[in-house]
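Sequence lines, in order, name chains A and B.
Anchor point for the first sequence: position 47 equals 47 in our numbering, and the numbering is continuous, going up by one each time.
To convert, take the position in the second sequence, counting from 1, and add 1000; that gives our numbering.
We put the CB at the ideal spot given by N, CA and C, even for glycine.
Note that the structure is a prediction, hence the values are computed from the model and not measured.
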Amino acid sequence: MGKFIALAVLAFGFASPAAQAAESWGLPNEEIVRFEAKVVDILCELSGDCPAKCGGGKRQLGLVNDAGRLILPLKNQVFFAGAADELIDFCAQRVVADGLMVTNRGNTFMALQFVRLAPDGPWKKADRFTGKWAARNGFTAKGKEAKRWFDHDPQVKDLIARQGKLGLGPAADKDFLGE
Amino acid sequence: MRVLTLAAMAAAALSTAAQAAAPERVQITGEIIDTWCYLTEIMYPEGSAHHQCAIWCAAGGIPVGIKGDDGKVYVVLKLGADSTSVANPGVLEIQSHKVKVDADLYVRDGINYLTVAKVLDDKGIVNLTHDEYGIQPFGE
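Listed below in structure tokens is the structure:
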């Protein structure tokens, strides 16, 4: 478990629960940023295919800043989770986004750590995925299942059961892991 | 006259916007990847070693991409008629696969976005990296 936590802090960035401003995760070329932007459905923004309510949380959401730049948030503050659940409640609204801008391998993208309705709404830590996942799957937000949601997600469990952890079938896992 | 001038300016602006938004039809060959792990290099992010993590990340809503054979990363926003891109079941099914896709490419502010019309070829997982890198990131 200690190894898990250490790796998680290193790899996925656990901000202190008390913190309100973004903090470093040690990512390549990262920059701590805070800016105002409009929350958009990226596919709508690019193609004009615009369902109601930004697609209801099933589409990738972006941030268009005052210079008109579309910023792609890849990550929130939860293990292995993205930013759509953090932004969907702000669809088509102006927010203050707080987090890290990262440039690597020719791409610039964002890790969202906090968000609030502009200009001065209450800050929301970008970890609401956990509670929403728990509600969608019949668990409690504070339960151990929600904490390690990726071990309990029905879509993940089905895929890993059929494809194996290596994606090469359960027999390949057995050979490799000796399970 | 002033109305006509304003109308002409508005039409010109709309025309420019439409031109800027026009996609390019492309065929891309590459590996389906998790964009976060690949672009941050926080762990080894490719092939069988990273498959389980890539499934976790896609199910958690992190954008799924294609690492093209041309070295570029393409963010997948649509697969066939399904315009969902958060935990899209069809995309999850082919995570880590080597594929060739026919798609519309939108480039905006340095990011390549794809709406995939069709997967033309799917070779499955051919990037067998687990012997060298184990199972990422926790080894199990």
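- Beta-bridge pairing by DSSP links Gln1027(B) to Asp1102(B).
- Of all alpha-carbon atoms in Gln93(A), Leu61(A) and Leu177(A), the one lying nearest the alpha-carbon of Thr1084(B) is that of Leu61(A).
- The stretch 35-43 of chain A and the stretch 1044-1062 of chain B do not touch, with fewer than 3 CB-CB distances between them shorter than 8 Å.
- Distance check between Gln20(A) and each of Asp127(A), Gly55(A) and Lys75(A) places Asp127(A) closest, using alpha-carbon atoms only.
- Look at the beta carbons and you see the stretch 1063-1080 of chain B touching the stretch 1031-1044 of chain B: at least three pairs across the two are nearer than 8 Å.
- Among the CB atoms of chain B, none fall inside 8 Å of the CB of Lys147(A).
- Bridge pairing for Tyr1133(B): absent [DSSP].
- For Asp175(A), no chain B residue has a C-beta closer than 7 Å to its own C-beta; the minimum C-beta separation is roughly 11 Å.
- Straight-line measurement puts the Cα of Thr140(A) at about 7 Å from the Cα of Gly131(A).
- Sequence-distant Cβ neighbours of Gly164(A) in its own chain, meaning closer than 6 Å and more than five residues away, are Pro170, Ala172 and Asp173.
- According to the DSSP assignment, Val1091(B) belongs to the alpha helix (DSSP H) that extends over Pro1089 to Glu1093.
- Counting of Cβ neighbours within 10 angstroms places Ala84(A) among the buried residues, the total reaching 16 or more.
- In the structure shown, the three-state DSSP call for Ala97(A) is strand.
- Interface residue (Cβ-Cβ distance to chain B less than 8 Å): Gln155(A) is classified as such.
- Taking 9 Å as the cut-off between beta carbons, the residues of the stretch 1023-1046 of chain B near chain A are Pro1023, Asp1034, Thr1035, Trp1036, Cys1037, Tyr1038, Leu1039, Thr1040, Glu1041, Ile1042 and Met1043, in sequence order.
- The count of Cβ pairs closer than 8 Å, one atom from the stretch 150-165 of chain A and one from the stretch 104-121 of chain A, stays below three, leaving the stretches out of contact.
- The beta-carbon separation of Pro1023(B) and Asp1109(B), rounded to 15 Å, does not stay under the 8 Å limit for a contact.
- Cα atoms of Leu177(A) and Gly167(A): separation of roughly 13 Å, rounded to the nearest angstrom.
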